[in-house]
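Below is one structure, written out as structure tokens; the observations come after it.
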Amino acid sequence: MADRKKFYTGISLLLFILFIYWADSSWDGYKLRIFNLCGIYIILALSLNLVNGFTGLFSLGTAGFMAVGAYTSALLTMSPQMKEMTFFLKPLIWPLNQIQIPFFPALIIAGILSGLVGFLIGFPVLRLRGDYLAIATLGFGEILRVIIINAQGLTNGALGLKGIPKYTTVWWSWGLALLTIFLMVNIVKSSYGRALKAIREDEIAAQAMGINLFYHKITAFTLSAFFAGIGGALLGNLITTVDPTMFVFQLTFQILLIVVLGGMGSITGSVIAAVVVTILMEALRAVESPMTIGSLYIPGIPGMRMVIFSVLLMVVILFYRQGFMGQREFAWEWFSRKGRRHEQSAGS
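One point on numbering: in full-length UniProt numbering, the residue at position 111 of the sequence shown is 111, and numbering is uninterrupted.
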């Protein structure tokens with residue numbers, strides 16, 4: 001049975017790679033941008049789910065870690081000439097004004113730096129629990145944003161960075177999304193992942209069993225910040241511009257929405273919700289534009305999409321308190337069960 005599962009997984013992966021190749025060569029820029037965002041939001045949702053869903057901590061600092069990754073990758077991949085044009089009010093500090101490296105090492109450095117910031121922030125705040133931890137991580141995210149605004153010689157302040165090379169393609173975003181899924185599945189199935197779940201269920205019981213609470217929490221928090229930094233770097237090199245207004249609480253709320261809708265503690269749920277929410281975010285842009293229905297004129301209401309998603313979140317919490325998937329994961333046995341049920345119903 002295990003060999004059969006590996007065979008199905010391999011075939012599915014091959015078909016999906018062919019689909020990416022077809023999409024990359026056939027779709028227009030707008031569709032490819034949404035497809036790229038789907039891959040990036042999968043990485044971000046899994047990053048937040050590792051802390052909030054599998055470890056039971058409530059962190060709201062994802063936007064701050066994304067900002068660190070986005071700015072790091074942007075500064076490392078921009079050409080010295082473009083940096084000179086962008087930093088016209090105050091020159092970029094040395095040696096960053098002379099450095100330009102390829103995208104992949106810039107991506108790794110962005111993730112490592114975000115992970116390091118996550119480690120430094122997590123060290124004091126992970127001694128808190130529940131709402132206090134959420135407020136503290138939200139506060140650190142805002143502190144990072146204020147630092148970005150005021151460190152003009154490093155980040156260009158409120159003007160942000162423009163002319164960032166567009167390196168993010170569907171191969172990068174979905175390749176790293178698939179790699180993140182693979183790593184998350186292995187983390188969750190390992191003894192380390194089981195320890196995280198034990199902490200989520202009952203910290204006192206987990207500690208009594210000999211699990212080092214702080215070690216597991218700080219590692220999960222640092223890994224989450226690393227993946228958030230990778231997601232931020234991919235986003236910056238996709239839209240070719242970054243500024244502090246991008247990394248506000250609304251961005252963290254959007255990722256939290258994906259995690260809650262999919263199911264806190266479900267990798268499958270995060271993947272499905274990331275794709276659905278990203279596509280709906282674009283499809284619902286129409287509700288923010290002026291509309292005429294018969295003789296009725298409805299003016300455009302900016303932010304209406306988030307109102308709809310907030311209502312959706314309330315409905316899910318009321319009727320599916322654990323999200324659409326709960327803590328369940330996709331398994332090939334689903335198809336065999338459905339097949340048996342179909343045969344039984346046909347026989348009766």
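Each residue gets a CB set at the ideal place from its N, CA and C atoms; glycine is no exception.
| Asked | Found |
| --- | --- |
| Contact set for residue 193: own chain, Cβ-Cβ below 6 Å, skip 5 residues either direction | 187 |
| Touching by the beta-carbon criterion (3+ pairs, under 8 Å), the stretch 113-125 and the stretch 47-66 | yes |
| From 292, 265, 304, 300, residue whose alpha carbon lies closest to that of residue 280 | 304 |
| Coil, strand or helix - residue 275 by DSSP | helix |
| Burial state of residue 137, where buried means 16 or more other Cβ atoms lie within 10 Å | buried |
| Selected residue, minimal CA-CA separation from residue 174, among 308, 319, 18 | 18 |
| Segments assigned alpha helix (DSSP H), at least 4 residues, entirely inside the stretch 200-246 | 203-208, 213-239 |
| With 16 other Cβ atoms within 10 Å as the buried cut-off, status of residue 214 | exposed |
| Range of the contiguous alpha helix (DSSP H) that encloses residue 109 | 103-125 |
| For residue 158 and residue 299, believed in contact at Cβ under 8 Å, the rounded distance | The Cβ separation is near 30 Å, so there is no contact. |
| Classification of residue 180 by the beta-carbon crowding that lies within 10 angstroms, buried from 16 upward | buried |
| Separation of residue 235 from residue 93, as counted between CA atoms | 24 Å |
| Boundaries (first-last residue) of the beta strand (DSSP E) holding residue 350 | Absent from the model: residue 350. The displayed extent of the chain is 1 to 348, so no value can be given. |
| 4 or more residues per run - each alpha helix (DSSP H) lying fully within the stretch 60-95 | 62-77, 80-86 |
| Host alpha helix (DSSP H) of residue 286 (start-end) | Looking at the DSSP string, residue 286 is not in any alpha helix (DSSP H), and its letter there is neither H nor E. |
| Beta-carbon contacts of residue 225 that lie in its chain and below 6 Å, excluding the five residues immediately before and after | 65, 114, 115, 118 |
| Collapsed DSSP secondary structure at residue 5 in the structure displayed | helix |
| Reduced DSSP category for residue 166 - H, G, I as helix; E, B as strand; rest coil | coil |
| Rounded C-alpha distance that separates residue 96 from residue 165 | 16 Å |
| Cβ pair residue 288, residue 301 closer than 9 Å | yes |
| Pick from 45, 104, 161 that is closest to residue 86, judged by C-alpha positions | 161 |
| CB contact flag (residue 30, residue 258, <9 Å) | no |
| Cα-Cα separation between residue 210 and residue 184, rounded to whole angstroms | 24 Å |
| Proximity of residue 170 and residue 28 at Cβ, strictly below 9 Å | no |
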